[in-house]
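Asks:
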Amino acid sequence: MTTEATPKKRTPVKRWIVLALFVIGGYAAFGSIGVLKPISPVVVLPAEPTGISIAGFPITNTILATLIADLVLILFAISAYRFSKSGKQVPSGMYNFFEFLVEFLWNSVKGAAGKWAPRIFPVVATIFLLVLAANMTKLFPGYEAIGYMKEIHEGKTGYAPVKLFDLGSIPVYGLDKNHPVIGAAHGEEHGEAAGGEAHGEESAAAKEMCTACEVVPFLRGSATDLNFPFALAVITVVLTQVYGVWALGPSYFSKYLPVGQLVSGGIFGLINFGVGFLEIILEFAKILSFGFRLFGNIFAGTLLLSIVGALTAIVVPPFLYLFEVFFGAIQAYVFFLLATVFISGATVSHHAEEHH
Amino acid sequence: MNDAAAFIAGMKVLGAGLAMLGAIGAGVGVGIAASGGVQAMGRNPDATPTIQTNMILGMAFAEAVAIYALAVALIIIFAA
Chain Y
1 MTTEATPKKR TPVKRWIVLA LFVIGGYAAF GSIGVLKPIS PVVVLPAEPT GISIAGFPIT
61 NTILATLIAD LVLILFAISA YRFSKSGKQV PSGMYNFFEF LVEFLWNSVK GAAGKWAPRI
121 FPVVATIFLL VLAANMTKLF PGYEAIGYMK EIHEGKTGYA PVKLFDLGSI PVYGLDKNHP
181 VIGAAHGEEH GEAAGGEAHG EESAAAKEMC TACEVVPFLR GSATDLNFPF ALAVITVVLT
241 QVYGVWALGP SYFSKYLPVG QLVSGGIFGL INFGVGFLEI ILEFAKILSF GFRLFGNIFA
301 GTLLLSIVGA LTAIVVPPFL YLFEVFFGAI QAYVFFLLAT VFISGATVSH HAEEHH
Chain X
1001 MNDAAAFIAG MKVLGAGLAM LGAIGAGVGV GIAASGGVQA MGRNPDATPT IQTNMILGMA
1061 FAEAVAIYAL AVALIIIFAA
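Shown next, in the form of structure tokens:
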């Protein structure tokens, strides 16, 4: 290929494919059989168990999604590592992306933390990459859509199941939009009815089939479970204290209990003592705002996608997906930036600039 | 008409909606932060990285108010 642009007659094939997909999507959403129509989602806040459990510990769908995000991250890391070992000088592909990402993160940490940057960087960059991977993998098709069916709660509207095909010995069901069923009162034993892509074998199929069904997905975005962002938030805030003690020694805790000022400072020492108490509350508020920021954005995004997807099946959702990609990246960056600022703030003495 | 459970459920949803009024302030705050950031970047394009970092930081703190409102709303709907 020369640098000069060779005039080539381009046949616009791809745009016709896209247009055909649009038409097929519109037909599937509005004109066709009920199985293909989008159903309105069931909003569930806590993560639901997938039925798998390791040593009595139930694996929820958000844990499964986090593990997949981890897997994706590890695969990318291995590919980047292999590229760096291969000795090629010109970065390409995934490695290029990683180089850009790490450089960007490093500059951000460097700007905020100064000489503590090398020690802070691994922690916050790990958080960024995990949150980014979790937010991006969650947008793949199949998340929140494939799962086992269960009887819906009393009074809510479920849909009748329709058998599609057999995957090996596992029957696969779809939900029929044209047959909404109001969930009836039912006992606990009906809760685990056999369902779409059921993980059980014949035993599951032999159980009673649900009549008004909802899908309990196998995979749900990690950050739509409160545990994921809160775990990261607790880790960050605890590490803030660890880095503070690492940098300043025991005098770090004088931020929270300014006893020295209480003895020497008079009335202002007393005020500072109260401020120290507020600092303790602030640390807990950090956990709260950290956790709910990520959770709120991602959960609201997921909700928006599924509800708008159910209302207008075509044209609008792609733009919302674009929006979600943007927001997933922004939230990962905000989490990373706040963690950086908090941790690097802890490494700086509060009174150094006042007295010296 | 005298269904107490339905009344409570409806009031819960109403309360959650009212709790989200707190997002108004956060929206205004984020807008002000963005406006100030863009003006600063327009005046001094060389300082863009610093301004951007601090702008996003300020936005995140302003947004925290909306997040507390969201937390209250979620607690009202799911926990209370």
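Going down the list, the protein sequences come from chains Y and X.
If you're matching positions, the first sequence starts at 1 in the working numbering and goes up one per residue.
If you're matching positions, the second sequence starts at 1001 in the working numbering and goes up one per residue.
Cβ atoms here follow ideal geometry from the backbone N, Cα and C, with glycine treated the same way.
#1: Among Y/N227, Y/L226, Y/F228, Y/K255, which one has its Cα closest to the Cα of Y/T240?
#2: Could you name the residues of chain X that Y/R293 contacts, counting a contact when the two beta carbons are closer than 8 Å?
#3: Between the Cα of Y/I314 and the Cα atoms of Y/R10, Y/I17, Y/L21, Y/P12, which residue gives the shortest distance?
#4: What's the call for X/Q996, buried or exposed, on a 16-neighbour Cβ count within 10 Å?
#5: Going along the chain, which residues of the region 100-113 of chain Y sit with their C-beta nearer than 8 Å to a C-beta in chain X?
#6: Counting pairs of beta carbons, one from the region 287-297 of chain Y and one from the region 228-246 of chain Y, are three or more of them closer than 8 Å?
#7: Please tell me whether Y/A223 and Y/F295 are closer than 9 Å, where the distance is taken between their beta carbons.
#8: Can Y/A117 and Y/Y243 be called in contact, C-beta distance under 9 Å?
#9: List the residues of chain X whose Cβ lies closer than 9 Å to the Cβ of Y/V341, in chain order.
#10: Three or more beta-carbon pairs under 8 Å between the region 246-254 of chain Y and the region 1022-1031 of chain X, yes or no?
#11: Give, in chain order, every residue of the region 1002-1017 of chain X whose Cβ lies closer than 8 Å to some Cβ of chain Y.
#12: Just the chain Y side, please: which residues come within less than 7 Å of X/L1070 by C-beta, in chain order?
#13: Exposed or buried, what is Y/E192 when buried is set at 16 or more other beta-carbons lying within 10 Å of its beta-carbon?
#14: So with Cβ pairs under 9 Å, would you call Y/S222 a contact of chain X?
#15: Of the residues X/N1002, X/A1004, X/A1009, which one's Cα is nearest the Cα of X/F1079?
#16: Does any CB atom of chain X fall closer than 9 Å to the CB of Y/A185?
#17: Is the beta carbon of Y/S365 less than 9 Å from the beta carbon of Y/L248?
#18: Which runs of the alpha helix (DSSP H) fall wholly inside the region 1002-1052 of chain X and span at least 4 residues, in chain order?
#19: How would you call Y/H199, buried or exposed, if buried means at least 16 neighbouring beta carbons within 10 angstroms?
#20: Who are the Cβ neighbours of Y/L262 in its own chain at under 7 Å, not counting the five residues just before and after it?
#21: Could you name the residues of chain Y that X/P1049 contacts, counting a contact when the two beta carbons are closer than 9 Å?
#22: Is there at least one Cβ from chain X nearer than 9 Å to Y/L45's Cβ?
#23: Which value, in whole angstroms, describes the spacing of the CA atoms of X/A1005 and X/A1073?
#24: Starting from the C-beta of Y/N91, find all residues in its chain whose C-beta is less than 6 Å away, skip the five residues before and the five after it, and write them out in chain order.
Replies: From the atom records:
#1: Within the first sequence, numbered from 1, the residue matching residue 240 of chain Y stands at position 240. Checking every option, the nearest Cα to that of Y/T240 belongs to Y/K255.
#2: Indexing the first sequence from 1 puts residue 293 of chain Y at position 293. Residues of chain X passing the Cβ test: A1060, E1063, A1064, I1067.
#3: To locate residue 314 of chain Y, count along the first sequence from 1; it is residue 314. That would be Y/L21, whose Cα lies nearest to the Cα of Y/I314.
#4: Limits of chain X in this structure are 1001 at one end and 1080 at the other, which puts residue 996 of chain X out of reach.
#5: N107, S108, G111, A112
#6: yes
#7: Along the first sequence, one-based indexing puts residue 223 of chain Y at 223. Along the first sequence, one-based indexing puts residue 295 of chain Y at 295. Against a cut-off of 9 Å, the Cβ pair of Y/F295 and Y/A223 comes out as a contact.
#8: As a first step, residue 117 of chain Y must be located in the first sequence, where it is residue number 117. As a first step, residue 243 of chain Y must be located in the first sequence, where it is residue number 243. No; because the gap between Cβ atoms is not below 9 Å, this pair is not in contact.
#9: Counting from 1 along the first sequence, the entry for residue 341 of chain Y is found at position 341. Ordered by position in chain X, the residues that pass the 9 Å Cβ test against Y/V341 are T1053, L1057.
#10: no
#11: none
#12: In the second sequence, counting from the first residue as 1, residue 1070 of chain X sits at position 70. Per Cβ cutoff of 7 Å: F292, G296.
#13: Along the first sequence, one-based indexing puts residue 192 of chain Y at 192. Reliability fails at Y/E192, whose pLDDT of 35 lies under 50, so the model's placement of it is uncertain and the value that follows must be treated cautiously. Label assigned to Y/E192: buried.
#14: Residue mapping note: residue 222 of chain Y aligns to position 222 of the first sequence, counting from 1. Taking Cβ atoms only, chain X never reaches closer than 9 Å to Y/S222, which makes this a no.
#15: Locating residue 1079 of chain X in the second sequence gives position 79, counting from the first residue. What sits at residue 1079 of chain X in the sequence shown is Ala, not Phe. Measuring from the Cα of X/A1079, the nearest candidate turns out to be X/A1009.
#16: By one-based count along the first sequence, residue 185 of chain Y stands at place 185. Confidence at Y/A185 is low in this model, with a pLDDT of 49, below 50, so its placement is unreliable and the value that follows should be read with caution. It does not: the Cβ of Y/A185 has no partner Cβ on chain X nearer than 9 Å.
#17: What is shown of chain Y runs 1 to 356, which leaves residue 365 of chain Y out entirely.
#18: 1004-1019, 1022-1043
#19: As a position in the first sequence, residue 199 of chain Y is number 199, starting the count at 1. Reliability of the predicted coordinates at Y/H199 is poor, the pLDDT of 37 falling under 50, and the value obtained from them is presented with this limitation in mind. Exposed: under 16 other Cβ atoms inside 10 Å.
#20: Stepping through the first sequence from its first residue, residue 262 of chain Y is reached at position 262. Hits under 7 Å: G269, L270, F273.
#21: Your numbering for residue 1049 of chain X matches position 49 in the second sequence. Ordered by position in chain Y, the residues that pass the 9 Å Cβ test against X/P1049 are N107, S108, G111.
#22: Reading the first sequence from its first residue, position 45 is the one you call residue 45 of chain Y. Yes, contact with chain X.
#23: Position 5 of the second sequence, counting from 1, holds the residue named residue 1005 of chain X. Position 73 of the second sequence, counting from 1, holds the residue named residue 1073 of chain X. Rounded to the nearest angstrom, the two C-alpha atoms are 19 Å apart.
#24: In the first sequence, counting from the first residue as 1, residue 91 of chain Y sits at position 91. Asn is not the amino acid found at residue 91 of chain Y; the sequence shown has Pro there. So the list reads E99, once near-sequence residues are dropped.
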